[in-house]
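In this note's numbering, the protein residues as written are 340 to 541.
The beta-carbon is built from N, C-alpha and C at its ideal position, and this holds for glycine as well.
Following: one structure in structure tokens, then a few remarks.
Right, dumping it as structure tokens:
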């Protein structure tokens, strides 16, 4: 998926959804832009929903078609928790799990790693970034890839990273495991999934 100029997109959406925009410089820019927006009046409900939808889509680097399908799946669940199901589906994508394990600095890079065959799931090479990882799945780096430049000094850089509670990771073997299911916390995300569901319910 071709995203375009990340700084401009993040500025337009009003959130540092890309790693390169998570900086003091961007925060200052947004503070100034926020004051200008207040003078310009309130956005319509539709525009707010559209912005939140775009935030979610760009955060995970997915297409409109993929997000629409995930929303449809989430809203047809029997337990009436569409927000939880939507977030869990997004987080269970293989490229996102690779990113969450700290094997890649960005989701985009994680997507490339998967597409180029560097990642195995349960001993099988998978090159589909959207593959749904499940509980007890083992995610590891291909043996032939461990000695390549992308993993040079990996153990040293990984020490500063925090792996989510639903994952565990062994730095020495470069192997991660899905130990459970993500518990949704609204404060963990830069978008409002409720607004996203409202957008698709129109």
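The C-beta distance from residue 515 to residue 508 rounds to 4 Å, short enough to fall under 8 Å. Counting along the chain, residue 398 sits inside the alpha helix (DSSP H) bounded by residues 384–399. Unbroken alpha helix (DSSP H) runs of no fewer than 4 residues, entirely contained in the segment 445–533, are found at 446–454, 493–497, following chain order.
For residue 432, the beta-bridge partners assigned by DSSP are 471. Ranked by Cα distance from residue 483, the options 464, 426, 387 are led by 464. Close CB contacts of residue 439 within its chain, under the 8 Å cut and outside five residues either way in sequence, are with 430, 502, 503, 506 (chain order). Residue range 403–414 is occupied by the alpha helix (DSSP H) that includes residue 413. When the five nearest sequence neighbours on each side are left out, the beta carbons in the same chain lying within less than 6 Å of the beta carbon of residue 391 are those of 530, 531, 534, 535, in order along the chain. The three-state reading of DSSP puts residue 349 in helix, counting H, G and I together.
The three-state secondary structure of residue 424, taken from DSSP, is helix. For residue 455 and residue 513, the gap between their C-alpha atoms comes out near 17 Å.
Separation of the CB atoms of residue 397 and residue 458 is rounded to 22 Å, and the pair is thereby denied contact status at 8 Å. CA-to-CA, the gap between residue 528 and residue 416 works out to about 22 Å. The beta carbon of residue 494 sits closer than 6 Å to the beta carbons of 510 from its chain, once the five residues preceding and following it are set aside; these are given in chain order. Taking the Cβ atoms as the reference, residue 453 lies roughly 5 Å from residue 434, within the contact range of under 8 Å. When 399, 428, 526 are compared, the shortest CA-CA separation from residue 409 is found for 428.
Collapsing the DSSP output to three states places residue 536 in a helix. When the beta-carbon positions are compared, residue 539 and residue 389 stay at least 8 Å from each other.
The C-beta distance from residue 446 to residue 469 rounds to 12 Å, too long to fall under 8 Å, and the pair is not in contact. Remark: C-beta atoms of residue 478 and residue 437 approach each other more closely than 8 Å.
Distances from the alpha-carbon of residue 526 to those of 426, 401, 399 put 426 closest.
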